[in-house]
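Enquirer: My questions all concern the structure below.
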Amino acid sequence: MNFRRKTKDLSDSQLLKLYKTKGDKRIIGILYKRYTGFTFAVCLRYFKSRVDSEDAVMQIFEKLIDDLKKHTVSNFKSWLYTVAKNHCLITIRNRKNSVTSEYIDNAFVEINSNVHPDDEDLLEQRLDKLERKLSKLSEEQQVCVKLFYIKRQSYAEICTITGYTQNQVKSHIQNGKRKLKIMLTRDE
Numbered sequence: 007m008n009f010r011r012k013t014k015d016l017s018d019s020q021l022l023k024l025y026k027t028k029g030d031k032r033i034i035g036i037l038y039k040r041y042t043g044f045t046f047a048v049c050l051r052y053f054k055s056r057v058d059s060e061d062a063v064m065q066i067f068e069k070l071i072d073d074l075k076k077h078t079v080s081n082f083k084s085w086l087y088t089v090a091k092n093h094c095l096i097t098i099r100n101r102k103n104s105v106t107s108e109y110i111d112n113a114f115v116e117i118n119s120n121v122h123p124d125d126e127d128l129l130e131q132r133l134d135k136l137e138r139k140l141s142k143l144s145e146e147q148q149v150c151v152k153l154f155y156i157k158r159q160s161y162a163e164i165c166t167i168t169g170y171t172q173n174q175v176k177s178h179i180q181n182g183k184r185k186l187k188i189m190l191t192r193d194e
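The following block contains the structure:
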């Protein structure tokens, strides 16, 4: 009897037990066939894009190869829903952070870009605006943001200069960047 016929009628719980003992990736393939539509629908609810949702489904099932070996799952469908939802939320949050970082980078690049001599007043206005916004950040955030974006220092270099831990440096940069974005977009 071939593999597909043996496993086709097994319940999710039976398939999960078999996967834990055998580690056969074809079992993930069976779960994939059963739950592709379900997982796609969950992802589509968050992404509103077919392409992003299809990519997410593939990433989620690739991740299941390892996750199902680590976790004991009693109700696969509800567990898969939670995994898919968390994957989507994390992806969306990472995209927002990326956009914020690009926005702040662009603000510094725009200010530091070559300005025509006739536009020196414009450059001065931009620098003044940025300085005013930076001064509204906490001292720790100001130092870390300036070192990271203006001086182009690495996290390790900022740690050495300031004495902060790497987590503190990351936190000060992230929080300062978020506050700057809010302040800069509010004035547009």
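Following my numbering, the numbering of the sequence shown begins with 7 at its first residue and continues without gaps.
C-beta atoms are modelled at their ideal positions from N, C-alpha and C, and glycine is treated no differently.
In this text, all values refer to a predicted model and were calculated from it rather than measured experimentally.
1. Can you tell me whether residue 178 is buried or exposed, with buried defined as 16 or more other CB within 10 angstroms of its CB?
2. Could you name the residues of the same chain whose beta carbon sits closer than 8 angstroms to that of residue 26, not counting the 5 residues immediately before and after it, in chain order?
3. Look at residue 149 and residue 183 and say whether their C-beta atoms are less than 9 angstroms apart.
4. Please report the distance separating the alpha-carbon of residue 60 from that of residue 163.
5. Under the three-state reduction of DSSP, which class applies to residue 81: helix, strand or coil?
6. How would you write the range of the alpha helix (DSSP H) that residue 155 sits in, first residue to last?
7. Output needed for residue 38: all residues of its chain with C-beta closer than 7 angstroms, excluding positions within five of it in sequence on either side, in chain order.
8. List the endpoints of the continuous alpha helix (DSSP H) containing residue 35.
Expert: On the basis of the data shown:
1. Looking up residue 178 in the sequence shown gives position 172. Per the 10 Å Cβ criterion, buried.
2. Along the sequence shown, one-based indexing puts residue 26 at 20. So the qualifying residues of the chain are 74, 75.
3. On the sequence shown, position 143 is the one that residue 149 refers to. On the sequence shown, position 177 is the one that residue 183 refers to. Not in contact: residue 149 and residue 183 (Cβ atoms no closer than 9 angstroms).
4. Stepping through the sequence shown from its first residue, residue 60 is reached at position 54. Stepping through the sequence shown from its first residue, residue 163 is reached at position 157. Rounded to the nearest angstrom, the two C-alpha atoms are 40 angstroms apart.
5. Counting from one through the sequence shown, the residue named residue 81 turns up at place 75. Coil, per DSSP.
6. The sequence position of residue 155 within the sequence shown is 149, counting from 1. Neither: residue 155 is in no alpha helix (DSSP H) and is coded neither H nor E.
7. Numbered from 1 along the sequence shown, position 32 holds the residue referred to as residue 38. Counting only Cβ-Cβ distances below 7 angstroms, and skipping sequence neighbours, we find 67.
8. In the sequence shown, the residue the question calls residue 35 occupies position 29. Taken as a continuous stretch (DSSP letters only), the alpha helix (DSSP H) holding residue 35 covers 31–53.
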